[in-house]
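Worksheet: the structure to be examined is printed underneath.
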Amino acid sequence: MNYINRKGKLSLQISVFSNIECLLEYTKQNIVDILLMGEDGILELGNLKDIAEDIYILTERQCVQENYGYPTIYKFQSADQIIMKILELYMADKDGKNELINSTYKDKTIIGVFSPKGGSKKTSLSLALSNYFGTSQKTLYVNFELFCELSFLCTGEKPGFSELLYYIKQKKSNLSIKLNSVVCNYNKFDFIPAANHYLDLLEMNEDDINFFIQCLRNYSDYEVIIFDIGFFDKSILELLNCCDKIYVPVSNDWMSTDKKEAFYKQLNEVKEEDILKKLEEVDLPGDETIFTEMSIDSNYFSEGTLYNYVTNLLNMEV
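In full-length UniProt numbering, the protein residues as written are 1 to 318.
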């Protein structure tokens with residue numbers, strides 16, 4: 001529990017007690033929403049059942065049914081997995097009934113990275129920006145590419161944006177809690193595992209984007225949110241309107257210039273002057289050592305050519 005407290009991932013206050021007496025004394029002046037207790041405290045359930053809205057039991061065996069009349073969580077797994085299970089149980093019980101917790105961070109910066117041309121190193125820039133901001137601010141990276149597994153960021157099957165999108169479309173009030181349950185960490189920043197299928201992203205509409213952005217701005221503790229945008233439709237147009245800054249990686253070849261000018265022209269035609277004002281072109285340095293055959297150097301986004309470029313770019317904007 002000390003690890004969970006230090007991690008700072010949840011918008012919750014966590015207190016740890018080593019004996020029942022201290023816990024009961026605490027509840028005289030404080031409300032307890034969730035009580036997570038070990039099996040060795042089962043005999044005290046009679047005294048504790050009324051002090052918390054939800055009680056979960058930490059067990060030493062994986063396949064334990066709800067023999068105690070309360071949900072159980074396997075004890076010997078990572079803190080992240082325990083957190084995810086707690087949030088899943090809490091959401092299942094409070095679906096549509098829980099009130100959202102306002103964020104403690106009022107100033108949020110939403111950054112979009114978009115290029116009308118493929119092969120622009122857009123994702124590399126997005127990740128480098130995430131790592132840069134993550135050194136001093138709580139940062140979330142969101143990948144909106146149609147075909148991307150982010151396999152170099154995380155291994156194994158994990159719930160990701162496809163699962164989160166269900167809550168977005170249902171306009172569920174516990175979206176911020178679900179967000180915490182799917183977020184993973186890499187280096188200096190958090191990220192949401194990519195959508196399972198491109199159709200999930202194409203099903204988003206403007207209302208979905210607005211609801212998601214509202215959740216991030218008002219009910220998450222992220223100070224910087226970076227969107228890596230890999231396609232374009234009405235929902236993405238809405239997302240660009242929500243961004244505070246939009247970086248556009250460019251190159252000097254004629255094809256890139258042609259696509260960029262077509263993109264700007266069409267934004268002008270639909271009178272998206274506000275988006276045009278937010279655009280900043282960036283000419284990224286060439287670097288052929290980014291990717292190996294099956295992996296990416298984990299230090300690439302915290303040192304080297306691209307990191308130095310991003311550092312200089314952002315220092316010039318201050």
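Don't be surprised by glycine CBs; every beta carbon is placed ideally from N, CA and C. Just so we're clear, the structure is a prediction, and the values are computed from it rather than from any experiment.
* Asked: Which word fits Met316, buried or exposed, when buried means at least 16 other C-beta atoms lie within 10 angstroms of its C-beta?
  -> Exposure of Met316 is indicated by the presence of fewer than 16 other C-beta atoms within 10 angstroms of its C-beta.
* Please go through the same chain and pick out, in chain order, the residues whose beta-carbon is closer than 6 Å to the beta-carbon of Ser120, but skip the five residues on each side of it. => Pro249, listed in sequence order.
* Report back the beta-carbon spacing between Gly112 and Ile34 to the nearest angstrom; my notes put them in contact at under 8 Å. => No, Gly112 and Ile34 are not in contact; Cβ-Cβ is about 36 Å, not under 8 Å.
* Asked: Which first and last residues belong to the alpha helix (DSSP H) in which Cys215 is found?
  -> Residues 206 to 219.
* To do: Provide the residue span of the beta strand (DSSP E) that contains Cys154, from first to last.
  => Taken as a continuous stretch (DSSP letters only), Cys154 belongs to no beta strand (DSSP E), as it is neither H nor E.
* **Residue range of the alpha helix (DSSP H) that includes Phe191** => No alpha helix (DSSP H) holds Phe191; the beta strand (DSSP E) holding it covers 189 to 192.
* To do: Find out if the Cβ-Cβ distance for the pair Asn187, Phe17 is shorter than 8 Å.
  => If you check the CB distance, Asn187 and Phe17 do not come in under 8 Å.
* Find out if the Cβ-Cβ distance for the pair Leu140, Tyr219 is shorter than 8 Å. => Remark: C-beta atoms of Leu140 and Tyr219 do not approach each other more closely than 8 Å.
* To which residues of the same chain is Asn268 closer than 8 Å at the C-beta, ignoring the five residues directly before and after it? -> Excluding the 5 residues flanking it on each side, Asn268 has same chain C-beta neighbours closer than 8 Å at Leu276, in chain order.
* Pick helix, strand or coil for Ile55, following the three-state DSSP scheme. => Here Ile55 sits in strand by DSSP.
* **Opposing strand residues paired with Met37 [DSSP bridges]** => DSSP, once it has assigned bridges, lists Ile57 as partnering Met37.
* Determine, using beta carbons only, whether Lys122 and Ser115 come nearer to each other than 8 Å. => In contact: Lys122 and Ser115 (Cβ atoms closer than 8 Å).
* Asked: Just checking my contact of Ser162 with His197 at CB under 8 Å: how many whole Å lie between their CB atoms?
  -> Distance from Ser162 to His197 at the Cβ level is roughly 7 Å; contact confirmed, criterion being Cβ atoms closer than 8 Å.
* **Closest Cα partner of Lys234 within the set Ser251, Asp208, Gly134, Tyr56** => Residue nearest to Lys234 within the set Ser251, Asp208, Gly134, Tyr56 is Asp208 (criterion: CA-CA distance).
* Sheet register partners of Cys184 (DSSP bridge) -> Residue pairing from DSSP places Cys184 in a beta bridge opposite Phe191.
* Asked: If Thr59 and Tyr70 are in contact, beta carbons under 8 Å, what's the gap, nearest whole angstrom?
  -> The pair is not a contact, with the Cβ atoms about 11 Å apart (cut-off 8 Å).
* To do: State yes or no: is the beta carbon of Ile177 nearer than 8 Å to at least one beta carbon in chain D?
  => This model lacks chain D altogether; it includes just one protein chain.
* **Beta-carbon proximity check, Lys278 vs Lys245, cutoff 8 Å** => Result yes, Cβ atoms of Lys278 and Lys245 sit closer than 8 Å.
* **Alpha-carbon spacing of Asn174 relative to Gly160, whole angstroms** => Those two C-alpha atoms are separated by around 16 Å.
* So what does DSSP say about Lys28, is it helix, strand or coil? -> In the structure shown, Lys28 sits in coil (DSSP, three-state: anything other than H, G, I, E or B).
* **Exposure label - Phe291; buried when at least 16 CB within 10 Å** => For Phe291, the predicted model reports a pLDDT of 46, less than 50, meaning its position is unreliable and no value from the coordinates is stated.
* Please list, in chain order, all residues of the same chain as Glu145 whose beta carbon is under 6 Å from its beta carbon, the five residues on each side excluded. => Annotation for Glu145: Gly230 place their beta carbon closer than 6 Å to its own, counting only its chain and skipping 5 residues before and after.
* Verify whether the separation of the beta carbon atoms of Ile86 and Leu36 is less than 8 Å. => Closer than 8 Å, so yes.
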